[in-house]
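Here is the structure we will look at.
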């Protein structure tokens, strides 16, 4: 991470340094474009490795707490070659990234009392 977004509100940007095929450095700029707490927020790629990228974080109530679901729409780089490579290069990497992010998010949510949760706010 080069620069974390200051928050998840519309207009906030994050800058990430990543590598394509583990070799070529790429700067990835994501901007938050939708924010509906505590239900959803969205980011899109402004600059980066994909031809197009849209990512929605959906939070749904659940009897045990909440469920976080990611909806991702993207278009691979490199046209037809990128489409062929997606199933064995892009999709497995995204699955690992989101598995990690969901674990970290769950741990963070379970570690703070609900009245301190910025999405919930103080109880009265």
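Residue numbers (the working numbering): -3 to 120.
Every residue gets a Cβ at the ideal spot worked out from N, C-alpha and C, and that includes glycine.
What first and last residue would you give for the beta strand (DSSP E) that runs through residue i?
i: residue 61; result: 61 to 71
i: residue 57; result: 48 to 58
i: residue 32; result: 20 to 32
i: residue 10; result: 9 to 16
For the alpha helix (DSSP H) containing residue i, name the first residue and the last one.
i: residue 79; result: 75 to 81
i: residue 45; result: No alpha helix (DSSP H) contains residue 45, which DSSP labels as neither H nor E.
i: residue 88; result: 87 to 107
Got a sec? Which residues, its chain only, sit under 7 Å from residue i by beta carbon, not counting five neighbours each side?
i: residue -2; result: 11, 12 and 13
i: residue 2; result: 8
i: residue 94; result: 66
i: residue 101; result: 64
According to the neighbour-count rule (16 or more other Cβ atoms, all chains shown, within 10 Å of its Cβ), is residue i buried or exposed?
i: residue 84; result: exposed
i: residue 45; result: buried
Can you give the beta carbon distance from residue i to residue j, rounded, assuming they're within the 8 Å contact cut?
i: residue 68; j: residue 37; result: Their Cβ separation, rounded to whole angstroms, is 14 Å, which puts residue 68 and residue 37 out of contact at 8 Å.
i: residue 31; j: residue 6; result: 5 Å
i: residue 89; j: residue 70; result: So it is not a contact: roughly 12 Å between Cβ atoms.
Below 8 Å CB to CB, which residues in the same chain sit around residue i once its five sequence neighbours on both sides are set aside?
i: residue 0; result: 10
i: residue 81; result: 72 and 74
CB-CB under 6 Å to residue i, same chain, minus the five flanking residues each way: which ones, in chain order?
i: residue 79; result: 72
i: residue 59; result: none
i: residue 20; result: none
Original post:
Do the region 52 to 60 and the region 71 to 89 touch if we need at least three Cβ pairs shorter than 8 Å?
Top reply: no
Subject >> At least 3 beta-carbon pairs within less than 8 Å: the region 21 to 29 vs the region 39 to 50 >> reply: yes
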